[in-house]
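One structure below.
There are 2 protein chains.
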Amino acid sequence: MTGERRKFRREGADTRRQALVLATLDLIAEQGVRGATVRAIAERADVTQGLIRHYFSTKDELVQEAYLAHMAGLTEQTFAGVAERETARERLAALVVASVTPPVVDSASVGLWAGFLNHVRQDARMRAVHAQTYHDFRDRLEGLIVAALEEAGRGPDAGQARRLAIACNAVIDGLWLEGGALPEAFGPDELTGIALTAVGAILQLDLEEAAKT
Amino acid sequence: MTGERRKFRREGADTRRQALVLATLDLIAEQGVRGATVRAIAERADVTQGLIRHYFSTKDELVQEAYLAHMAGLTEQTFAGVAERETARERLAALVVASVTPPVVDSASVGLWAGFLNHVRQDARMRAVHAQTYHDFRDRLEGLIVAALEEAGRGPDAGQARRLAIACNAVIDGLWLEGGALPEAFGPDELTGIALTAVGAILQLDLEEAAKT
DNA sequence: GTCGTAATTATGCAAGCGTATAATTGTTCG
DNA sequence: CGAACAATTATACGCTTGCATAATTACGAC
Chain A
19 MTGERRKFRR EGADTRRQAL VLATLDLIAE QGVRGATVRA IAERADVTQG LIRHYFSTKD
79 ELVQEAYLAH MAGLTEQTFA GVAERETARE RLAALVVASV TPPVVDSASV GLWAGFLNHV
139 RQDARMRAVH AQTYHDFRDR LEGLIVAALE EAGRGPDAGQ ARRLAIACNA VIDGLWLEGG
199 ALPEAFGPDE LTGIALTAVG AILQLDLEEA AKT
Chain B
19 MTGERRKFRR EGADTRRQAL VLATLDLIAE QGVRGATVRA IAERADVTQG LIRHYFSTKD
79 ELVQEAYLAH MAGLTEQTFA GVAERETARE RLAALVVASV TPPVVDSASV GLWAGFLNHV
139 RQDARMRAVH AQTYHDFRDR LEGLIVAALE EAGRGPDAGQ ARRLAIACNA VIDGLWLEGG
199 ALPEAFGPDE LTGIALTAVG AILQLDLEEA AKT
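Top line first, the protein sequences correspond to chains A and B. Position 76 of the first sequence, counting from 1, maps to 94 under the numbering used here, and the rest follow consecutively. Position 122 of the second sequence, counting from 1, maps to 140 under the numbering used here, and the rest follow consecutively.
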């Protein structure tokens, strides 16, 4: 019984890095940050742990890249299908609906986000990623809000637009969070209706009709 | 130089348990869950680590109790001073303001909450505490909303009341979260104004005037 | 007082962690 | 075909972790 050395295939750097990032996200989502050990990540990505050090000089570096990937994916999922809509109001409604619907609303995704938050509070680079993601999303939301209001003949000034975007973003974030953290607390389409009504009330726009398109 | 054994005082069980819980919360808030090791907690509480096992049969038990204490404290802080107000609308406004103002809005507090969330997703007992805290807060909020609307001559039905409470709760949660996670992103009283306007818009009530009382 | 006991300290252990480094092996290029 | 090189595996080290257990000590009861 000679201990046989494991066979392996060579892969490009991008492929391997991506696989490791994906494995990291899976593990954090499933078992929290504690479960995402170097050994577990390597096993999930079907490599040995030494390889991680070959692509990331430290584990924090890997975690940081995973965070970036997760946040980018979240924003992308949320805005998918928004641009196709005809009117600005419909685009806004589509964004609101997507924000509180799977796959964006998801227990694992919220857990992932929460797991990262403490890293964010301690690492300056991760804090920068966090701030950038947040402002990026809010700016795009603000753009949609301004367009929808102008479409309705009401152009808000800059200060108003900012405040409206913050408020709408808060509703969306709050519902996203609660929907992910307590999935069984809400009915199937309940969050969608509440989100449209609430954002509509804040902006004084009828979004519920616009969402049906 | 004989290694001198450490002097100590005997304390009641309640005192020590509370001290350990407080030390745990401090550490999680400051350094995240990773920093809250048994040894660090003991040092912060000025005892040796063995004592923790004397009061809590496992570390998770201590963490669970700390979570309970934190959530209870948060709710208590939020509702402090609400009952004293004259009208229901003023009470509601006071609650909204308190929810997005320090000490409730606080980076460490949000970090603490996020740090617990992953424990919550994995431990059934912690999930129960989480759900209970959330529903408790939302029910009290719903009570205030119904009272304020009735005061204004508009009594919502049960379904409406529930949806309004969920929406207002989402605004509050979202602003609480963002205010705590990105303190520098908002002006001093900005969150207060936005919260009052947004909740007021959802309920179609003027809360900004009521908050001045 | 001194005695009993519960509170507290001291010490140790096995497991898991991130990281470092040396040994192999697949791949590419002449 | 063979040599060079990077990708990958294998192994090990030092540290920290949560938990266990034995040794001490403060404090109240009598």
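C-beta: ideal position from N, C-alpha, C; glycine also.
Reducing DSSP to helix, strand and coil, say where B:L214 ends up.
-> B:L214: helix per DSSP, three-state reduction.
Would you mind stating whether A:H137 and A:V81 have Cβ atoms separated by less than 8 angstroms?
-> yes
Neighbouring residues, chain A, relative to B:Q140 (Cβ below 7 angstroms) | Scanning chain A for C-beta atoms nearer than 7 angstroms to the C-beta of B:Q140 yields G50, reported in chain order.
The stretch 203 to 217 of chain B in contact with the stretch 145 to 158 of chain B per 3-pair CB rule at 8 angstroms | No, the stretch 203 to 217 of chain B is not in contact with the stretch 145 to 158 of chain B.
Where does B:K230 fall in DSSP's three states?
-> coil
Which same chain residues, not among the five before or five after B:G99, have their C-beta less than 8 angstroms away from its C-beta?
-> Closer than 8 angstroms at Cβ, skipping near neighbours: A112, A116.
Compare the C-alpha of B:Y152 against each of A:P201, A:A142, A:L130 and name the closest.
-> A:P201
How about A:Y73 and A:R35: do their beta carbons lie closer than 8 angstroms?
-> Taking 8 angstroms as the cut-off, the Cβ atoms of A:Y73 and A:R35 count as close.
With a cut-off of 8 angstroms, does the C-beta of A:E196 fall near any C-beta of chain B?
-> Answer yes: the Cβ-Cβ gap between A:E196 and chain B drops below 8 angstroms somewhere.
Test: A:G129 CB closer than 8 angstroms to a CB of chain B = Interface residue, yes.
Examine chain A for any beta-carbon lying closer than 8 angstroms to the beta-carbon of B:Y85, and answer yes or no.
-> no
A:A106 classed as buried or exposed, judged by whether at least 16 other C-beta atoms fall within 10 angstroms | buried
Can you have a look at B:S75 and say buried or exposed, based on whether 16 or more other CB atoms are within 10 angstroms of its CB?
-> exposed
Identify which residue in B:R24, B:T93, B:E48, B:L40 has its Cα closest to the Cα of A:Q140.
-> B:E48
Near A:Q95, which residues of its chain fall below 8 angstroms by C-beta distance, leaving aside the five closest residues on each side in sequence?
-> A116, P121, V122
First through last residue of the alpha helix (DSSP H) which encompasses B:V39 | DSSP places B:V39 in the uninterrupted alpha helix (DSSP H) bounded by 31 to 53.
Return the first residue and the last residue of the alpha helix (DSSP H) that B:S125 is part of.
-> 125 to 140
Would you mind working out which of B:L221, B:A132, B:D175 sits nearest A:L9, comparing C-alpha positions?
-> In this structure chain A extends from 19 to 231, so residue 9 of chain A is not present and cannot be described.
If we cut at 8 angstroms on Cβ distances, does A:T215 have a partner in chain B?
-> yes
Got a sec? Which residues, its chain only, sit under 6 angstroms from B:Q222 by beta carbon, not counting five neighbours each side?
-> none
Whole-angstrom distance between B:Q178 and B:D224, CA atom to CA atom = 19 angstroms
Boundaries (first-last residue) of the alpha helix (DSSP H) holding A:R109 | 106 to 117
Inter-residue spacing [alpha-carbon to alpha-carbon] between A:A229 and A:E79 = 41 angstroms
Taking Cβ positions, are B:G192 and A:G192 nearer each other than 8 angstroms?
-> yes
Using a Cβ cut-off of 9 angstroms, pull out every chain A residue sitting near B:A152, in sequence order please.
-> Sequence inspection shows Tyr at residue 152 of chain B; the Ala mentioned does not correspond to that position. Correct list: E196, A199, L200, A203.
Within chain A, the residues that B:A219 reaches when beta carbons sit closer than 9 angstroms = A185, A216, A219, I220, L221, Q222
Contacts around A:L209, its chain only, beta-carbon distance under 6 angstroms, and the 5 residues preceding and following it disregarded | V118, L193, G197
Should A:G68 go down as buried or exposed, given a rule of 16 or more other Cβ atoms within 10 Å for buried?
-> Exposed, since its Cβ has fewer than 16 Cβ neighbours within 10 Å.
Consider the Cβ of B:I274: report whether some Cβ of chain A lies at a distance smaller than 8 angstroms.
-> Absent from the model: residue 274 of chain B. The displayed extent of chain B is 19 to 231, so no value can be given.
Count the other C-beta atoms from every protein chain shown that fall within 10 angstroms of the C-beta of B:D32, then say buried if there are 16 or more, exposed otherwise.
-> exposed
A:L162 versus A:F134, A:A183, A:A84, residue with shortest Cα-Cα distance | A:A183
Pick helix, strand or coil for A:F155, following the three-state DSSP scheme.
-> helix
Name the chain A residues that come within less than 9 angstroms of B:V115, Cβ to Cβ?
-> Neighbours of B:V115 on chain A: none; closest Cβ ~15 angstroms, over 9 angstroms.
Ends of the alpha helix (DSSP H) at A:R62?
-> Run containing A:R62: 56 to 62, per the alpha helix (DSSP H) assignment.
Using only alpha-carbon positions, find the residue among B:A126, B:A84, B:D124, B:A101 that is nearest to B:L238.
-> The structure shown does not extend to residue 238 of chain B, since chain B is modelled only from 19 through 231, so no value can be given for it.
Distance, Cα to Cα, A:G53 vs B:E108?
-> 47 angstroms
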